[in-house]
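The structure under discussion appears below in the form of structure tokens.
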Amino acid sequence: MEFLYRLIVYLHVGSAVFSIGPFIILIPIVKKLRAADEKVQQAYLDIIKYTIRLIKHAGHVLVGSGALLIIMGPWTWKTSWIIATLIVMFGSVLFLARAFTPTMRIFHESTQNQPALIKNLLRSTWLYLILLMIMLWFMVAKPVLW
Ligand code: HEM
Numbered sequence: 157m158e159f160l161y162r163l164i165v166y167l168h169v170g171s172a173v174f175s176i177g178p179f180i181i182l183i184p185i186v187k188k189l190r191a192a193d194e195k196v197q198q199a200y201l202d203i204i205k206y207t208i209r210l211i212k213h214a215g216h217v218l219v220g221s222g223a224l225l226i227i228m229g230p231w232t233w234k235t236s237w238i239i240a241t242l243i244v245m246f247g248s249v250l251f252l253a254r255a256f257t258p259t260m261r262i263f264h265e266s267t268q269n270q271p272a273l274i275k276n277l278l279r280s281t282w283l284y285l286i287l288l289m290i291m292l293w294f295m296v297a298k299p300v301l302w
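Using this note's numbering, the first residue of the sequence shown is number 157, and each one after it goes up by one.
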């Protein structure tokens, strides 16, 4: 049981790496969308879509393994740093779904609007990165908030 718990912590931390890491790559790629011609732009958009899909899968493993850790370990759903993480997480999941997917979909439809869309994508990427780093702090420092 002890080994299994450690294994799930490992899986949990691994999926945190795959949830946060790809976002760092998105920042320079989104910036490059500005100057690229249509073909190159499509290649960048494909990378962005693939990255978002990867982040979503890693996020599911993160939540699944997190839930298992609560069930198996000494922490409960009432622990304050876990509640804080859940609040930030549900907020950011809703935000991710709204900010990225629709923007990606309309990108080719409105060519004049592209600078604004790129600005939006860049802002969303930074914001999501900051939210992930806040959750990472709750998880690592385990602060008693109330
Ligand atoms: C459904 C949401 C989540 C739940 C229920 C959850 C649950 C937990 C629990 C119970 C532990 C403690 C394991 C232990 O040391 O015994 C833990 C550790 C950890 N979690 Fe989460 N987690 C969640 C989301 C996240 C997110 C979003 C991140 C990253 C952004 C994250 C990153 C980590 C890391 C890095 C550790 C290891 C910390 C350490 O051992 O010092 N978790 N998680």
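All residues carry an ideal CB built from backbone N, CA and C; glycine is no exception.
Where residue i falls, given that 16 or more other Cβ within 10 Å makes a residue buried
i	result
Ile180	exposed
Val186	buried
His168	buried
Tyr147	Residue 147 falls outside the range modelled here, since the chain spans only 157 to 302, and no answer is possible.
Ile211	buried
Ala191	exposed
Cβ shell of residue i (< 8 Å), same chain only, five flanking positions each side left out
i	result
Leu273	Thr259, Ile262, Phe263 and Ser266
Gln198	none
Residues of its chain near residue i, where Cβ-Cβ distance is below 6 Å and the 5 sequence neighbours each way are ignored
i	result
Ile208	Phe256
Val217	Ser171
Given residue i as reference, the closest of the options once Cα atoms are compared
i	options	result
Arg279	Ile243, Arg162 and Pro184	Pro184
Ser236	Lys298, Arg162 and Met157	Lys298
Met291	Gln268, Leu277 and Ser248	Ser248
Val296	Trp302, Trp282 and Thr241	Thr241
Tyr166	Ala192, Tyr200, Leu224 and Arg190	Leu224
Ile286	Phe159, Ile227, Gly177 and Tyr161	Gly177
Arg162	Ile239, Ile243 and Met228	Met228
Val173	Lys188, Trp302, Val196 and Met289	Met289
Short CB-CB distance (under 8 Å) between residue i and chain B
i	result
Tyr200	Absent from the structure is chain B; it holds one protein chain and no more.
Residues near residue i in its chain [Cβ-Cβ closer than 7 Å; skip 5 each side]
i	result
Thr281	Phe179, Leu182, Ile183 and Val186
Met245	Met291
Leu252	Tyr284
Environment of the ligand HEM in chain order, Cβ to heavy atom below 6 Å: Every residue whose Cβ sits closer than 6 Å to any heavy atom of the ligand HEM is listed here in chain order: Val165, His168, Val169, Ala172, Leu218, Val219, Gly222, Ala223, Leu225, Ile226, Gly229, Trp231, Ile238, Thr241, Leu242, Met245, Leu288, Met291, Leu292, Met295 and Val296.
Ordered list of alpha helix (DSSP H) runs contained in the stretch 270-300, each at least 4 residues: Residue ranges of uninterrupted alpha helix (DSSP H) with 4 or more members, entirely inside the stretch 270-300 and ordered along the chain, are 270-297.
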